[in-house]
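A.B. asks: Protein chains in written order, with my numbering: chain A, 211 to 523; chain B, 393 to 690; chain C, 48 to 374. Structure below; questions to follow.
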Amino acid sequence: MLDVNNLRTFYRVDEGYVKAVDDVDFHLDEGEALGLAGESGCGKTTAALSIVRLLPSNASIMGGEVLYKGQDIVKMSDRKLRRIRWKEISIVFQGAMNALNPVKRIVDQIAEPILLHEEVSKEDALQRARKLVEFVGIDKVRAKDYPHEFSGGMRQRVMIAMALACSPRLVILDEPTTALDVMTKTQIQELVKDLQKRLTLSTILITHDLSVIAETCDKVAIMYGGKLVEYADVVSTFENPLHPYTSGLIRAFPNIYGSRELPLSIPGSPPDLLHPPDGCRFAPRCSMADKECSKPPPAKVVNGNHYVACWKR
Amino acid sequence: MSETLIPFRRNLSQFWRVYSGSKKGVLGLILVLFFFAIAALAPYISPFDPSKIDPSRTWLPPNSVNWLGTDWFGHDLFSQMIYGTQVSLVVGMFATLISIIVGTAIGLFSGYYGKMLGEFLERVIDFFLVIPYLPLMIVLVAIFEAMETPIPILWVVIFVIGITGWSGTARIIRSQVLSVKERQFVERARAVGAGDFRIMAKHILPNVFPLVFANAVLTVAGAVLAEVTLDFLGLGDVMTISWGMLLHFALSNSAVYRGAWWWIVPPGVAIILLVMGFTMIGYSIEEISNPRLRGRKA
Amino acid sequence: MARSRAAYLARKSTYAFITVVIVIVFNFLLFRVMPGDPARILIPRGHNVPLSLIARMREFYGLDKPLPTQLVSYVIQTLQLNLGYSFYYKAPVADVIAAWLPNTLLLVGISEVIAILLGFSTGAIAGWRRGKRFDLFATSFGLTTWSMPTFWLGIVLIMVFSVQLGIFPVGGVRTAEMAYTNIFQQIGDVGMHIILPVITLTLVSFAEYLMIMRNSLVDVMTEDFVLTARAKGLTEQQVLRDHVVPNALLPSVTTVAIAFGFIVGGALQTEIIFSYPGIGMLTYMAIEFRDYTLLQGLFFIDAILVIIANFAADIIYTYIDPRVKFQ
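Structure follows, in structure tokens:
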């Protein structure tokens with residue numbers, strides 16, 4: 211359903227181009243849940259936003275294609291793109307942010323895309339909006355309230371309800387639980403899993419928290435320094451991480467069932483995306499790196515359905 | 393934002409690099425420096441003594457001798473324009489100095505001391521923001537006049553403009569102090585025993601400085617306009633040569649009906665350019681200090 | 048939490064009232080600061096001033112009583128709108144002001160409405176097209192008019208349109224000794240007289256509103272909900288109209304309230320230049336003839352107008368921002 215091929219999205223700054231997303235591929239079928247993981251600044255949000263071309267004015271897609279049901283979004287006209295936005299592909303931003311309009315009622319904000327994309331009366335749209343509010347576990351009565359009257363967790367639910375307004379085929383969730391406490395986090399995760407099953411939704415979940423991906427996703431794509439370093443189904447990745455960065459990430463999260471070790475953080479800092487190194491971008495921080503990793507970018511090695519970009523595998 | 397005293401010189405050169413990239417800022421600076429130069433060089437570049445009267449050459453439009461024509465008494469307007477620069481700059485700068493000092497003091501105290509004193513001062517600041525400035529200035533100057541004090545009117549004008557223009561500065565300083573006050577390092581400084589003044593001077597002032605400077609420049613712009621208006625209304629020193637006074641005499645001698653545009657247009661244009669210059673500088677500094685105004689996601 | 052708009056506004060009007068009282072006290076102190084016998088200054092001699100008037104003024108100021116008593120009675124009298132007597136106009140100050148005030152309200156009312164509509168809309172577009180040609184033109188134009196002395200603009204307009212081209216009358220609000228046969232004639236005559244003053248005041252105020260809205264808009268544009276709006280598939284116009292502008296209006300309204308202090312100054316200058324018979328012109332006369340009682344009364348009315356305008360802005364704000372807490 212969704213094919214992202216060789217996507218390159220750069221930001222234009224005074225000193226040149228920041229190569230936030232540099233030659234990334236991933237694919238999604240109907241009903242699949244993909245996790246897009248990596249640390250802050252690795253390009254995962256940019257990659258996801260590129261899918262609907264929701265980029266700031268100083269960023270642009272420099273190459274590659276984003277095929278949605280066969281059509282290339284990158285080359286699409288603005289009119290066609292606007293029709294796809296929300297109706298086919300919607301986004302759940304972090305609700306803790308100012309992602310909701312402070313001066314509009316929740317029910318109006320949810321009804322807004324319905325009225326935009328479908329031929330319904332205002333009253334019908336509002337009705338549907340109220341039902342959606344209930345659907346995500348909020349009392350219908352509260353639909354006419356304003357965003358500031360909700361807690362962070364409830365705002366996240368509202369964002370989800372809003373994203374489902376036009377019954378999209380694909381929902382992108384950008385760090386949906388990052389700013390929430392553990393209890394609320396679990397509730398939201400459960401909600402998302404439930405919705406995925408009930409509605410046969412395809413989802414892309416962006417997060418730096420691998421545990422959430424482990425809980426809710428089918429496939430996972432790990433990004434580092436703007437590049438895709440590992441891409442496989444969740445089970446294979448967690449049982450047998452091939453890329454050193456992935457193993458590092460997994461080790462960084464304490465495991466209740468595992469042996470009692472201290473979580474290890476990965477030494478060093480992310481690469482400068484303005485002038486990225488020629489070779490493997492993770493090499494400076496990699497314990498297995500050697501001369502091989504510094505010259506040309508590593509060749510892509512496919513291991514059945516388990517893709518990894520590393521010299522050492 | 394650094395938490396200790398910012399190394400001044402390094403920040404200055406960095407600031408200049410950004411500032412010189414701003415077209416608005418550079419243009420404003422050029423304008424202001426231009427007028428400063430004229431004010432400083434007045435005795436050397438003025439073709440005539442501005443107070444010299446030539447009764448045979450009255451009401452003349454611009455000509456080869458009097459580049460900007462003459463007024464009803466035969467004064468050379470070009471010379472008067474040149475000398476007028478001095479008054480505008482002097483009054484503008486000194487009045488602003490008063491405003492900044494008063495405003496900073498009140499803003500600092502109001503922000504730093506909470507509870508009674510702080511609240512009270514905040515009301516005072518709001519009060520002065522609400523009062524219409526021109527009627528207040530008029531009333532104050534009228535009172536000084538009635539008192540028949542020996543203080544020269546020029547200084548009265550400077551003082552009046554100064555004490556009516558401080559509330560903008562005070563408001564900015566107050567809000568900055570309030571936001572900085574909560575930060576960790578102030579707690580630390582207090583814990584170590586640093587006195588109140590020390591804290592304010594060392595930690596709060598440097599962070600507040602760029603905004604205050606921008607505000608000061610904008611205040612100069614306002615002060616120049618205020619001075620021109622007061623002069624025009626006849627409330628300034630009638631003997632000084634200032635752009636406002638030029639317009640005052642132009643109007644009281646029916647320059648409009650006589651179509652003496654050369655008496656009316658040049659002072660106005662000069663005022664516009666000078667005020668614009670300061671305003672552009674002020675806005676540029678504001679934009680540089682406040683990243684959100686530049687429109688990028690901070 | 049009592050969510051009562053009425054209670055909130057009651058609180059705000061109390062503040063406004065207190066401010067009014069402070070203005071009166073301030074007014075009182077201003078003129079008492081003068082050394083020497085206040086009677087000499089406040090109560091004029093000569094000028095063919097009838098003794099009865101002098102006596103009434105003496106009574107009004109109560110100069111033989113102790114200072115605190117004077118102050119209290121002055122406050123009470125002023126609150127009752129007993130503003131003393133104008134020796135120049137030989138009438139109660141309140142009456143004189145009441146006669147001239149409507150003209151000012153007409154001038155300021157028309158000018159500010161136009162200035163706000165023009166300024167806000169231009170500012171919104173300028174902010175939205177930040178850095179592009181429209182923005183540059185709009186802000187340069189606004190900068191130029193803001194830097195202009197109001198009175199100078201008036202003079203230039205008179206020179207061009209009244210004296211040279213003879214299109215508009217030179218001053219006043221109506222043609223003297225003209226008897227109006229019907230309302231349209233009256234509107235037409237007043238209209239011709241008021242056009243240039245309105246243009247003057249509008250041009251100078253407009254720049255302020257433009258900058259306020261533009262900066263507010265630029266701020267709002269960086270907010271996340273704007274991204275959400277775009278993600279929904281709304282066109283740029285829809286995002287601007289439904290999401291950005293409503294939020295940009297909020298700080299704009301509060302900032303406009305502060306601008307009112309400057310508007311009074313601008314109106315004053317405009318009236319003087321155009322000999323427009325409003326309270327600005329009245330102020331000029333009061334200064335000319337040293338009618339301090341009248342001046343005091345005018346200052347009080349000016350402050351009242353600004354306080355009322357601020358209060359109106361507060362009221363409007365409670366309707367447009369749902370986050371306002373009414374506790």
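From the three backbone atoms N, C-alpha and C, an ideal C-beta is built for every residue, glycine too.
If the cut is a Cβ gap below 7 Å, which residues of chain A does Thr301(C) touch?
C.D. replies: Correct list: empty, because the minimum Cβ distance to chain A is about 15 Å.
A.B. asks: On the DSSP letters alone, give me the boundaries of the beta strand (DSSP E) that Met272(A) sits inside.
C.D. replies: From DSSP, the beta strand (DSSP E) with Met272(A) extends over 269-278.
A.B. asks: Where do the N-terminal and C-terminal ends of the beta strand (DSSP E) with Leu438(A) fall, by residue?
C.D. replies: Per DSSP, Leu438(A) belongs to the beta strand (DSSP E) from 437-443.
A.B. asks: Look up Asn215(A) in the DSSP assignment and say whether it is helix, strand or coil.
C.D. replies: Here Asn215(A) sits in strand by DSSP.
A.B. asks: Which of the three DSSP states is assigned to Thr417(A) in this structure?
C.D. replies: Looking at Thr417(A) - three-state DSSP - the assignment turns out to be strand.
A.B. asks: Closer than 9 Å by beta-carbon distance: list the chain C residues that pair up with Tyr525(B), in chain order.
C.D. replies: Per Cβ cutoff of 9 Å: Gly308, Phe309, Val311, Gly312.
A.B. asks: By the DSSP assignment, the beta strand (DSSP E) with Lys517(A) in it spans what residues?
C.D. replies: Going by the sequence as given, residue 517(A) is Tyr instead of Lys. 516-518 is the span of the beta strand (DSSP E), which, as asked, contains Tyr517(A).
A.B. asks: Got a sec? Which residues, its chain only, sit under 6 Å from Glu678(B) by beta carbon, not counting five neighbours each side?
C.D. replies: Excluding sequence neighbours, Glu678(B) sits near Ala606.
A.B. asks: Are the beta-carbon atoms of Phe358(C) and Ser60(C) separated by less than 8 Å?
C.D. replies: In contact: Phe358(C) and Ser60(C) (Cβ atoms closer than 8 Å).
A.B. asks: Evaluate Val119(C) with the Cβ neighbour count: other Cβ atoms within 10 Å of its Cβ, from every protein chain shown; 16 or more gives buried, anything less gives exposed.
C.D. replies: Exposed, since its Cβ has fewer than 16 Cβ neighbours within 10 Å.
A.B. asks: Report the partner residues of Ala431(A) according to the DSSP bridge assignment.
C.D. replies: Note: Ala431(A) sits in a beta bridge opposite Leu246(A), Tyr441(A).
A.B. asks: Could you give the C-beta distance for Val220(C) and His240(C), rounded to a whole number, given that I count them as a contact under 8 Å?
C.D. replies: Right, their Cβ atoms sit about 5 Å apart.
A.B. asks: Pull up the CB-CB distance for Phe215(C) and Leu243(C), whole angstroms please, since I reckon it's below 8 Å.
C.D. replies: Between Leu243(C) and Phe215(C) the Cβ distance is about 5 Å, and since that is below 8 Å, they are a contact.
A.B. asks: Which residue's Cα is closest to the Cα of Gly131(C): Gly280(C), Ile202(C), Glu106(C)?
C.D. replies: The shortest C-alpha separation from Gly131(C) is found at Glu106(C).
A.B. asks: Assign Pro115(C) to one of three DSSP states: helix, strand, or coil.
C.D. replies: The answer is helix: DSSP assigns Pro115(C) an H, G or I state.
A.B. asks: Strictly under 8 Å for the Cβ-Cβ distance: is Ala606(B) near chain C by that measure?
C.D. replies: No, because no Cβ of chain C sits closer than 8 Å to the Cβ of Ala606(B).
A.B. asks: With DSSP collapsed to three states, give me the class of Ala230(A).
C.D. replies: Strand at Ala230(A).
A.B. asks: Measuring alpha carbon to alpha carbon, tell me which residue in Thr396(A), Asp384(A), Arg379(A), Leu277(A) is nearest Thr256(A).
C.D. replies: Out of Thr396(A), Asp384(A), Arg379(A), Leu277(A), Asp384(A) has the C-alpha closest to the C-alpha of Thr256(A).
A.B. asks: What are the residues in the region 411-422 of chain B lying within 7 Å of chain C by C-beta distance?
C.D. replies: Correct list: empty, as no residue qualifies.
A.B. asks: Contact between the region 541-553 of chain B and the region 515-533 of chain B: three or more CB pairs below 8 Å?
C.D. replies: With a cut-off of 8 Å, the region 515-533 of chain B and the region 541-553 of chain B count as touching, because enough Cβ pairs lie within range.
A.B. asks: Output yes or no for whether 8 Å exceeds the beta carbon distance between Pro451(A) and Met498(A).
C.D. replies: Cβ distance not < 8 Å, so Pro451(A) and Met498(A) don't count as in contact.
A.B. asks: Within 8 Å (strictly less), CB to CB, does Pro386(A) reach chain C?
C.D. replies: It does not; no Cβ of chain C falls within 8 Å.
A.B. asks: Using the rule of at least 16 other Cβ atoms within 10 Å of the residue's Cβ for burial, across every protein chain shown, is Leu152(C) buried or exposed?
C.D. replies: With fewer than 16 Cβ atoms within 10 Å of its Cβ, Leu152(C) is classed as exposed.
A.B. asks: Is there at least one Cβ from chain A nearer than 8 Å to Leu281(C)'s Cβ?
C.D. replies: By this cut-off, Leu281(C) is an interface position.
A.B. asks: For a contact defined as C-beta to C-beta under 9 Å, what are the partners of Phe78(C) on chain B?
C.D. replies: Those within 9 Å of Phe78(C) in chain B are Val531, Ile535, Ala538.
A.B. asks: Under 7 Å Cβ to Cβ from Ala63(C), same chain only, skipping five residues before and after it: list those, please.
C.D. replies: Hits under 7 Å: Ile354, Phe358.
A.B. asks: Looking at the C-beta of Ile202(C), does it have a partner C-beta in chain B at a distance below 8 Å?
C.D. replies: It does: the Cβ of Ile202(C) has a partner Cβ on chain B nearer than 8 Å.
A.B. asks: Below 9 Å between beta carbons is the criterion; list the residues of the region 61-74 of chain C that meet it against any residue of chain B, in chain order.
C.D. replies: Residues Tyr62, Ile65, Thr66, Ile69, Val70, Phe73, Asn74.
A.B. asks: Enumerate in chain order the residues of its own chain whose CB-to-CB distance from Gly274(A) is below 6 Å, with the five nearest sequence positions on each side excluded.
C.D. replies: Hits under 6 Å: Asn215, Asn216, Leu217, Arg218.
A.B. asks: Give me the chain B residues within the contact set of Ile334(C), using Cβ-Cβ distance strictly less than 7 Å, ordered along the chain.
C.D. replies: Simply Ile530, Ala534.
A.B. asks: Using a Cβ distance threshold of 8 Å, determine whether the region 335-345 of chain C contacts the region 299-317 of chain C, with at least three qualifying pairs required.
C.D. replies: The answer is no - the region 299-317 of chain C does not touch the region 335-345 of chain C, with fewer than three Cβ pairs under 8 Å.
A.B. asks: Per DSSP, what kind of secondary structure is Asp482(A) in: helix, strand or coil?
C.D. replies: If DSSP states are grouped into helix, strand and coil, Asp482(A) belongs with coil.
A.B. asks: Please state if the CB of Ala171(C) and the CB of Val273(C) are separated by a distance shorter than 8 Å.
C.D. replies: Going by C-beta atoms, Val273(C) is not nearer than 8 Å to Ala171(C).
A.B. asks: Just the chain C side, please: which residues come within less than 9 Å of Pro378(A) by C-beta, in chain order?
C.D. replies: Within chain C, no residue comes near Pro378(A); the closest Cβ sits about 11 Å away, beyond 9 Å.
A.B. asks: When you compare the CB of Ser194(C) with every CB in chain B, is at least one pair closer than 8 Å?
C.D. replies: Output row for Ser194(C): interface = yes.
A.B. asks: In whole angstroms, give me the CA-to-CA distance for Ser158(C) and Val661(B).
C.D. replies: If you take the alpha carbons of Ser158(C) and Val661(B), they lie about 24 Å apart.
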